[in-house]
Amino acid sequence: MLPPAHDRTLLFFVGPEGKVRPVARPIEHPIEDVPVPSEMGSGGRGGLVRRRIGIGIDKTLAMLLRGPLEHERAAGLRSLPTPRKTAWFRITTRPDDGTARTAEPGRLRVRTGLDVLELEPAAVQQLVCTVAYAEDRTGRVFAVLRGEDGEHPPASCA
Numbered sequence: 253m254l255p256p257a258h259d260r261t262l263l264f265f266v267g268p269e270g271k272v273r274p275v276a277r278p279i280e281h282p283i284e285d286v287p288v289p290s291e292m293g294s295g296g297r298g299g300l301v302r303r304r305i306g307i308g309i310d311k312t313l314a315m316l317l318r319g320p321l322e323h324e325r326a327a328g329l330r331s332l333p334t335p336r337k338t339a340w341f342r343i344t345t346r347p348d349d350g351t352a353r354t355a356e357p358g359r360l361r362v363r364t365g366l367d368v369l370e371l372e373p374a375a376v377q378q379l380v381c382t383v384a385y386a387e388d389r390t391g392r393v394f395a396v397l398r399g400e401d402g403e404h405p406p407a408s409c410a
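For the sequence shown, position 131 (counting from the first letter as 1) is numbered 383 according to our numbering, and the numbering increases by one without interruption.
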């Protein structure tokens with residue numbers, strides 16, 4: 253049984269048939285206190301409300317790069333990006349070439365220290381799909397992967 257959508261993240265691994273498959277992982281949400289304006293607080297006083305926040309795309313990608321868990325490997329799942337603990341990612345909605353100053357709706361730019369042009373197509377799809385679903389529960393996001401060796405064109409998880 254899957255955890256509820258708000259209590260899980262999706263990672264994408266390669267199945268025995270060579271296709272990218274989603275794997276749901278439960279997550280624990282950090283808690284933050286959010287200020288409430290006085291007109292919305294109890295008795296007009298304002299205050300703080302505690303809420304759960306997501307774990308972030310970078311942490312989701314770190315989970316992906318650690319590879320499948322033992323029971324996932326036993327089911328034939330594998331990861332094509334080499335499992336790493338030291339890979340870094342910077343996620344933004346703005347091009348990092350300085351050509352635009354505004355965010356691009358529905359498009360994320362993922363900058364990493366990995367050599368992305370050397371990755372197999374399924375490995376690129378693993379990264380793109382993991383990013384897309386970490387950003388939006390429907391996965392309707394385009395991702396541009398840019399590594400030390402170049403950049404892939406925008407891709408989606410469709």
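A virtual CB, placed ideally from N, CA and C, is assigned to each residue, including glycine.
Tell me the DSSP bridge mates of residue i?
{"i": "L313", "result": "According to DSSP, which records beta bridges pairwise, L313 is partnered with nothing at all."}
{"i": "E403", "result": "R398"}
{"i": "R330", "result": "V266"}
Sorted by chain position, which residues of the same chain lie with C-beta nearer than 6 Å to residue i's C-beta, five sequence neighbours on each side aside?
{"i": "Y385", "result": "L262 and G391"}
{"i": "R398", "result": "R363"}
{"i": "D401", "result": "D367 and L369"}
{"i": "M292", "result": "Low local confidence applies: a pLDDT of 49 at M292 is under 50, so the model's placement there is unreliable, with the coordinate-based value given in what follows. Cβ within range, chain order: n/a, list empty."}
{"i": "I403", "result": "Position check: residue 403 holds Glu in this sequence, whereas Ile was assumed. Taken in chain order, the list of residues that qualify is empty."}
Near residue i, which residues of its chain fall below 8 Å by C-beta distance, leaving aside the five closest residues on each side in sequence?
{"i": "V272", "result": "F264, F265, V266, A374, Q377, Q378 and C381"}
{"i": "G358", "result": "R392, V393 and F394"}
{"i": "M315", "result": "T261, L263 and R277"}
{"i": "S408", "result": "V380, A384, G391, R392, V393, F394 and A395"}
{"i": "E372", "result": "L332"}
For residue i and residue j, which I take to be in contact (beta-carbon distance under 8 Å), what is that distance rounded to the nearest angstrom?
{"i": "A339", "j": "L369", "result": "Wrong, their Cβ atoms sit about 16 Å apart, outside the cutoff."}
{"i": "E322", "j": "V275", "result": "Contact doesn't hold; Cβ gap of about 13 Å is too wide."}
{"i": "V383", "j": "L313", "result": "7 Å"}
So the alpha helix (DSSP H) residue i belongs to, where does it begin and stop?
{"i": "L379", "result": "P373 to E387"}
{"i": "R392", "result": "Careful: R392 lies outside any alpha helix (DSSP H) and carries neither H nor E."}
Which residue marks the beginning of the beta strand (DSSP E) containing residue i, and which one marks its end?
{"i": "A326", "result": "From DSSP, A326 is part of no beta strand (DSSP E) but of the alpha helix (DSSP H) over E322 to A326."}
{"i": "A276", "result": "V272 to P278"}
{"i": "V266", "result": "R260 to V266"}
{"i": "T345", "result": "First-last for T345: undefined, no H or E at that position."}
{"i": "T364", "result": "R359 to T364"}
For residue i, which option in the options has the closest C-alpha, if you only look at C-alpha atoms?
{"i": "G308", "options": "E372, P405, P406 and R342", "result": "R342"}
{"i": "V396", "options": "L329, D388 and P405", "result": "P405"}
{"i": "T344", "options": "D310, M315, A326 and R330", "result": "D310"}
{"i": "L329", "options": "S408, G270, A410 and A407", "result": "G270"}
{"i": "T334", "options": "A410, G365 and E403", "result": "G365"}
Within its chain, find whatever has a CB closer than 7 Å to the CB of residue i; leave out the 5 residues flanking it on each side and keep chain order.
{"i": "E411", "result": "Since the first residue of the chain shown is 253 and the last is 410, residue 411 is not available in this structure."}
{"i": "P268", "result": "G328"}
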